[in-house]
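In the working numbering, the protein residues as written are 47 to 245. Have a look at the structure below, then the notes.
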Amino acid sequence: MEDKHMKIKFIVMVLLIGTLGAQSRSLPSDTTVVTTHKTMIKGDRIEYKVTTGTQPVWNEDGNPIAYVHYTYYERSDVKNRTSRPIMISFNGGPGSGSVWMHLAYTGPKILKVDDEGFPVQPYGVKDNPHSILDVADIVYVNPINTGYSRIVDKETKKEVFFGVNADIKYLSEWINTFVQRINRWESPKYLIGESYGTT
């Protein structure tokens with residue numbers, strides 16, 4: 047019996063220590079991770095690069111006040127990107143991240159689910175034969191307080207990020223910086239999403 051109580055105390059202690067460490071974690075405001083993958087779309091094998099990370103939102107003084115998390119899918123075998131469209135994708139909401147656009151709609155991989163939307167074993171993802179990556183590159187954007195996007199300057203008023211006009215202002219500036227960083231000024235650009243995501 048004493049052995050059982052000792053195990054329970056140990057487990058509780060480990061869980062408490064784990065939650066303390068989790069409270070202090072945060073993502074850097076400007077970081078990327080790049081990986082390469084392949085998928086089948088409409089019967090064709092497509093190789094692509096994925097860049098995921100965070101990009102700052104700056105105030106008028108040039109100081110970072112928040113970071114927006116994104117995932118950018120780029121087809122690898124395209125020689126000239128000037129005519130290749132880039133889709134800028136938001137999920138519906140408000141308050142919802144772009145995960146469902148990734149894994150249930152336009153991304154190169156989708157969740158394994160049955161016709162009624164329930165997970166199918168073995169759990170995981172599969173190639174999305176209807177992905178738009180064969181014809182366009184896609185960046186999935188998580189507005190502030192969705193996904194991993196967060197305010198970093200606690201003095202910043204919430205009105206800067208929460209509201210129709212606020213969304214338009216900071217997200218258009220964020221998109222402008224993103225397009226500049228990936229050198230896609232000449233590419234056609236489209237907003238895609240559902241519900242509040244692009245209305």
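Quick reminder that beta carbons are idealized off the backbone N, C-alpha and C, glycines included. Model, not experiment: these values are computed from the prediction.
{"Asked": "Spatial distance of Leu217 from Ser177 (CA atoms)", "Found": "24 Å"}
{"Asked": "Contact check, Val114 vs Ser195, beta carbons under 8 Å", "Found": "yes"}
{"Asked": "Cβ contact check for the segment 161-177 and the segment 104-118: 3 or more pairs under 8 Å", "Found": "no"}
{"Asked": "Per DSSP, the bridge partner or partners of Met147", "Found": "Its beta-bridge partners do not exist; DSSP assigns none."}
{"Asked": "Proximity winner among Lys158, Asn188, Lys204, Pro175, relative to Ser135 (alpha-carbon distances)", "Found": "Asn188"}
{"Asked": "8 Å CB neighbourhood of Trp231 in its chain, flanking five on each side removed", "Found": "Val225"}
{"Asked": "Reduced DSSP secondary structure (H/G/I, E/B, other) of Val137", "Found": "The residue you asked about is not Val; residue 137 is Asn in the sequence shown. Three-state result, Asn137: coil."}
{"Asked": "Range of the contiguous alpha helix (DSSP H) that encloses Tyr194", "Found": "Where Tyr194 is concerned, there is no enclosing alpha helix (DSSP H), given that its DSSP letter is neither H nor E."}
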